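For the sequence shown, position 120 (counting from the first letter as 1) is numbered 119 according to numbering that gives the first Met the number 0, and the numbering increases by one without interruption.
Just so it is clear, CB atoms sit at the ideal spot from N, CA and C, and this is done for glycine as well.
Here the structure is a predicted model, which is why all the values come from computation and not from measurement.
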Amino acid sequence: MSVVKIASLRADLKREAEGDWVPFPDWGGGVQFNVSSLHLPAFQTARDDLLLRIARQANQPKPKAGEEAPPKLDLKVELGKLYATHILHDWSGLDLEYSPATAMEILSDPEYRNIVAAVEWCAAKLSEVNVEFIEDEAKNSGKPSAAA
Numbered sequence: 000m001s002v003v004k005i006a007s008l009r010a011d012l013k014r015e016a017e018g019d020w021v022p023f024p025d026w027g028g029g030v031q032f033n034v035s036s037l038h039l040p041a042f043q044t045a046r047d048d049l050l051l052r053i054a055r056q057a058n059q060p061k062p063k064a065g066e067e068a069p070p071k072l073d074l075k076v077e078l079g080k081l082y083a084t085h086i087l088h089d090w091s092g093l094d095l096e097y098s099p100a101t102a103m104e105i106l107s108d109p110e111y112r113n114i115v116a117a118v119e120w121c122a123a124k125l126s127e128v129n130v131e132f133i134e135d136e137a138k139n140s141g142k143p144s145a146a147a
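Quick look at the structure:
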């Protein structure tokens, strides 16, 4: 039986908040994003507010005859805007130079949903931990019993 070393489960909150470079492997290894974690409190608050707005919008009555319905919020577009505002700090390996304005333009365009997904993946990857185990030699020294 293995025992998990509890200290290995500790999150690096400073790194998650300040951001770090995370390579995105699906595009040949040259693209990387400098991102903060999806656990960033400001991002989580903004995301929760967005989800509430979308839920309220879904519960609105249908417009009366002759009235136009308000434009529906597109979750991927709105999340892209939040990533540009809170999560993404820089990129490399893309043919456009990073700037906050360029990031907002790209991440809020539904045609660039693959970049939104890549930023999201890298931000999730940033908060992963390297779980370490301590082997329990006393319990592993004998053969397993037939009842096990």
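For residue j and residue i, believed in contact at Cβ under 8 Å, the rounded distance
i: Gly29; j: His88; result: About 18 Å separates the two Cβ atoms, so there is no contact after all.
Exposed unless 16 or more other CB atoms sit within 10 angstroms - verdict on residue i
i: Ala10; result: exposed
i: Ser35; result: buried
i: Ala122; result: buried
i: Ser107; result: buried
i: Gly79; result: buried
i: Glu119; result: buried
Beta-carbon proximity list for residue i, same chain, < 7 Å, skipping 5 on both sides
i: Pro109; result: Asp73, Lys75 and Val76
i: Ala6; result: none
i: Thr101; result: Leu95
i: Lys71; result: Gln56
Sequence-distant residues of its chain with Cβ nearer than 8 Å to residue i (five each side left out)
i: Trp99; result: The question names Trp, but residue 99 is Pro in the sequence shown. So the qualifying residues of the chain are Ala83.
i: Glu134; result: Ser1 and Val2
Cβ-based neighbour list, residue i, same chain, cut-off 6 Å, excluding 5 preceding and 5 following
i: Met103; result: Ala83
i: Ile53; result: Leu72
### Query
In the stretch 9–83, which residue ranges form an unbroken alpha helix (DSSP H) of at least 4 residues, counting only runs that do not cross its ends?
12–17, 40–57 and 74–81
### Message
Going residue by residue through the stretch 82–124, where are the continuous beta strand (DSSP E) segments of at least 3 residues, counting only ones entirely within it?
### Response
87–91
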